[in-house]
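Engineer:
In structure tokens:
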């Protein structure tokens, strides 16, 4: 994932979950977003979950990002 996106920090474990993050700027809108990328493994697949926060709102939401990532669950379903 890091190689595909071509940027970001190294993979780190935060609150027991592997993640990395990178910033992307929407030049037209003048907004920079931070993408927190988590990797999960279910019984039969790997999953990537991205949580995106406006960089200007990081102070407000940074503590919530880990909680949101921990709320991810997988069910047996035909997708």
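Numbering (the working numbering), first residue to last: -2 to 76.
For each residue, glycine too, the CB sits at the ideal point set by N, CA and C.
All values reported here derive from a predicted model rather than from experimental measurement.
So, for residue 75: in the same chain, excluding its five sequence neighbours on each side, which residues have a beta-carbon less than 7 Å away from its beta-carbon?
Structural biologist: Mapped onto the chain shown, residue 75 falls at position 78. Any reading at residue 75 needs caution, since the residue's pLDDT is 48, under 50, leaving its predicted position unreliable; the model's value is listed next. So the list is empty, once near-sequence residues are dropped.
Engineer: Residue 69 and residue 37: beta carbons closer than 8 Å?
Structural biologist: Position 72 of the chain shown, counted from the start, is the residue given in the question as residue 69. Position 40 of the chain shown, counted from the start, is the residue given in the question as residue 37. Yes; because the gap between Cβ atoms is below 8 Å, this pair is in contact.
Engineer: May I ask which residues mark the beginning and end of the beta strand (DSSP E) holding residue 36?
Structural biologist: Here residue 36 is taken as the residue at index 39 of the chain shown, counted from 1. Segment 28 to 38, the beta strand (DSSP E) holding residue 36.
Engineer: Using the Cα positions of residue 23 and residue 52, report the straight-line distance between them to the nearest angstrom.
Structural biologist: Here residue 23 refers to the residue found at position 26 of the chain shown. Here residue 52 refers to the residue found at position 55 of the chain shown. Cα to Cα, residue 23 sits roughly 11 Å from residue 52.
Engineer: Report the option in 43, 39 and 50 whose CA atom is closest to the CA atom of residue 63.
Structural biologist: In the chain shown, the residue the question calls residue 63 occupies position 66. For the residues 43, 39 and 50, the minimum Cα distance to residue 63 belongs to 50.
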